[in-house]
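Enquirer:
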Amino acid sequence: EPIVQVNDLCKDYVTRGFTNGASSVFHAVKNVSFELYPRQTYALVGESGSGKSTTGRMVCALERPTSGSASFEGRAYTDDSPALLRKGIRSKIQMVFQDPFSALNPRKTIGNALVEAMEIQRIGSSRADRRDRAVAMLERVGLSSAHMDRFPHQFSGGQLQRVTIARALAVEPRVLILDESVSALDVSVQAQVLNLLQDLKDDLGLSYLFITHDLSVVRFIADRVGVLRHGELVEEDDVASIFRNP
Ligand code: ADP
Ligand code: ADP
25 EPIVQVNDLC KDYVTRGFTN GASSVFHAVK NVSFELYPRQ TYALVGESGS GKSTTGRMVC
85 ALERPTSGSA SFEGRAYTDD SPALLRKGIR SKIQMVFQDP FSALNPRKTI GNALVEAMEI
145 QRIGSSRADR RDRAVAMLER VGLSSAHMDR FPHQFSGGQL QRVTIARALA VEPRVLILDE
205 SVSALDVSVQ AQVLNLLQDL KDDLGLSYLF ITHDLSVVRF IADRVGVLRH GELVEEDDVA
265 SIFRNP
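Heads up: the sequence shown runs through residues 25 to 270, numbered per full-length UniProt numbering.
1. Any heavy atom of ligand 1 closer than 7 Å to the CB of Tyr-37?
2. Who are the near neighbours of Leu-184 in its chain, counting only those whose CB is closer than 8 Å to its CB and skipping five residues on each side?
3. How is Asp-210 classed by DSSP in three states: helix, strand or coil?
4. Output the residue ranges of the alpha helix (DSSP H) runs that lie fully inside the segment 95-127 and measure 4 residues or longer, sorted by chain position.
5. How far does the beta strand (DSSP E) with Gln-183 in it reach, from first residue to last?
6. Are there three or more Cβ pairs, one per stretch, closer than 8 Å when the segment 202-214 is compared with the segment 138-153?
7. Between Val-53 and Leu-233, how many whole angstroms is the CB-CB distance? I'm expecting something under 8 Å.
8. Look up His-237 in the DSSP assignment and say whether it is helix, strand or coil.
9. Here's the rule: buried if 16 or more other CB atoms are within 10 angstroms of the residue's CB, otherwise exposed. What is Thr-39?
10. Rounded to whole angstroms, how far is the Cβ of Val-251 from the Cβ of Gly-70, which I believe are closer than 8 Å?
11. Give a yes or no on whether the C-beta atoms belonging to Asp-247 and Thr-65 are separated by under 8 Å.
12. Looking at C-beta atoms only, is the number of pairs between the segment 163-176 and the segment 184-197 that lie closer than 8 Å three or more?
13. Tell me the DSSP secondary structure of Asp-156 in three-state form.
14. Is Ser-72 helix, strand or coil when you go by DSSP?
15. Determine the contact status of Val-209 and Ile-245, defining contact as a CB-CB distance below 8 Å.
16. Alpha carbon to alpha carbon, how far is Lys-225 from Asn-219? Give it in angstroms, no decimals.
17. Measuring alpha carbon to alpha carbon, tell me which of Met-161, Gln-216 and Lys-76 ends up nearest Val-56.
18. If I follow the unbroken alpha helix (DSSP H) through Glu-59, where does it start and stop?
19. Are Arg-191 and Gln-145 closer than 8 Å when you measure CB to CB?
20. Check whether the segment 92-102 touches the segment 29-49, counting contact only when three or more Cβ pairs, one atom from each stretch, lie closer than 8 Å.
21. Less than 7 Å between the CB of Ala-208 and some heavy atom of ligand 1, yes or no?
22. State the Cα-Cα distance for the pair Ile-235 and Arg-155, rounded to the nearest angstrom.
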């Protein structure tokens with residue numbers, strides 16, 4: 025049984041010509057279907073502009089599909105109201121972006137960011153309990169209680185990506201969508217964060233939708249690979265077969 029099933033997802037953007045004002049429809053994602061199985065990593069790869077992020081945002085219900093749907097454990101959620109999404113899929117599927125600096129409020133301490141994410145999802149019994157959980161999660165990603173009262177600018181890029189991973193996991197999701205989450209990091213930092221993601225996946229029983237343009241990362245982390253080209257899924261296979269083919 026897949027944990028997430030993506031069925032014929034399409035996304036059209038209406039663009040208006042700058043000079044003549046005529047509108048035209050751009051098909052950014054075209055009939056994309058795939059399945060993410062429990063405890064597996066599905067890598068969505070493709071060149072810049074091929075529709076990876078748009079697909080990820082639709083699967084995370086941050087953006088509504090033009091048509092098609094995504095289901096979690098058999099239930100379609102992509103047409104749910106914002107209120108229903110907040111109570112439902114937000115606690116099950118979380119997204120981690122490329123740039124942790126723009127994903128965090130610069131005026132909010134790391135501790136408050138984690139505690140507030142938990143409050144919204146009603147995780148924890150009290151503020152003290154949520155702070156304890158936040159510290160435990162920071163420790164789990166290689167940080168510590170000393171980081172709770174710091175602000176985003178007091179971290180390096182690699183440390184701050186660990187913070188956004190901790191915030192995503194603080195609401196106890198089952199699925200992470202990682203959109204170029206290690207792409208901006210130095211190679212050595214990238215390897216550390218990838219190893220951390222592997223450990224977290226195994227320990228917490230997570231499933232990953234891993235969006236990247238970097239095939240060396242795919243080889244390390246993926247079980248199954250889907251290739252997007254101009255919005256279409258043009259190839260899909262197990263990771264070993266993808267790299268065996270010329
Ligand atoms: P990728 O993640 O593979 O780089 P994206 O999903 O970001 O690709 O974008 C796919 C295509 O859709 C690109 O051509 C992009 O310019 C276009 N696109 C993405 N978001 C929008 C938007 N909000 N409005 C118009 N076009 C968009
Ligand atoms: P580390 O090497 O420890 O991961 P860096 O400071 O080198 O941390 O940053 C890693 C990535 O984060 C870089 O690619 C950079 O683009 C991004 N980054 C670093 N500082 C900022 C910032 N203040 N705002 C936005 N992005 C940043």
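Positions of the beta carbon are idealized from the N, C-alpha and C atoms, including for glycine.
Expert: Put simply:
1. Your numbering for residue 37 matches position 13 in the sequence shown. Within the cutoff, so yes.
2. Residue numbering aside, residue 184 sits at position 160 when the sequence shown is read from its first letter. If we look at Leu-184 and ignore the five residues flanking it on each side, its Cβ neighbours are Pro-124, Phe-125, Leu-128 and Pro-176.
3. As a position in the sequence shown, residue 210 is number 186, starting the count at 1. In the structure shown, Asp-210 sits in coil (DSSP, three-state: anything other than H, G, I, E or B).
4. 106-111 and 124-127
5. On the sequence shown, residue 183 is found 159 positions in, with the first residue counted as 1. Counting along the chain, Gln-183 falls outside any beta strand (DSSP E), though it belongs to the alpha helix (DSSP H) covering 181-194.
6. no
7. Position 29 of the sequence shown, counted from the first residue, corresponds to residue 53. Position 209 of the sequence shown, counted from the first residue, corresponds to residue 233. With 8 Å as the limit, Val-53 and Leu-233 do not qualify as a contact, their Cβ atoms being about 14 Å apart.
8. Taking the sequence shown and counting its residues from 1, the one referred to as residue 237 is at position 213. Of the three classes helix, strand and coil, the one that applies to His-237 here is coil, per DSSP.
9. Position 15 of the sequence shown, counted from the start, is the residue given in the question as residue 39. The residue in question, Thr-39, is exposed, as its Cβ has fewer than 16 Cβ neighbours within 10 Å.
10. Along the sequence shown, read from residue 1 onward, the residue named residue 251 stands at position 227. Along the sequence shown, read from residue 1 onward, the residue named residue 70 stands at position 46. That belief holds up - the Cβ atoms of Val-251 and Gly-70 are roughly 6 Å apart, short of 8 Å.
11. Looking up residue 247 in the sequence shown gives position 223. Looking up residue 65 in the sequence shown gives position 41. Cβ distance < 8 Å, so Asp-247 and Thr-65 count as in contact.
12. yes
13. The count along the sequence shown starts at 1 and reaches residue 156 at position 132. Here Asp-156 sits in helix by DSSP.
14. To locate residue 72, count along the sequence shown from 1; it is residue 48. Of the three classes helix, strand and coil, the one that applies to Ser-72 here is coil, per DSSP.
15. Here residue 209 refers to the residue found at position 185 of the sequence shown. Here residue 245 refers to the residue found at position 221 of the sequence shown. Looking at the sequence shown, residue 209 is not Val but Leu. In this structure, Ile-245 does not lie closer than 8 Å to Leu-209 by Cβ.
16. Here residue 219 refers to the residue found at position 195 when the sequence shown is read from its first residue. Here residue 225 refers to the residue found at position 201 when the sequence shown is read from its first residue. Their Cα atoms are separated by approximately 10 Å.
17. Counted from its first residue, the sequence shown places residue 56 at position 32. Nearest of Met-161, Gln-216 and Lys-76 to Val-56, Cα basis: Lys-76.
18. By one-based count along the sequence shown, residue 59 stands at place 35. Here Glu-59 belongs to no alpha helix (DSSP H); instead the beta strand (DSSP E) covers 47-60.
19. Here residue 191 refers to the residue found at position 167 when the sequence shown is read from its first residue. Here residue 145 refers to the residue found at position 121 when the sequence shown is read from its first residue. Cβ atoms of Arg-191 and Gln-145: not closer than 8 Å.
20. yes
21. Within the sequence shown, the letter at position 184 stands for residue 208. Every heavy atom of ligand 1 is 7 Å or more from the Cβ of Ala-208, so no.
22. In the sequence shown, residue 235 corresponds to position 211, counting from 1. In the sequence shown, residue 155 corresponds to position 131, counting from 1. About 31 Å.
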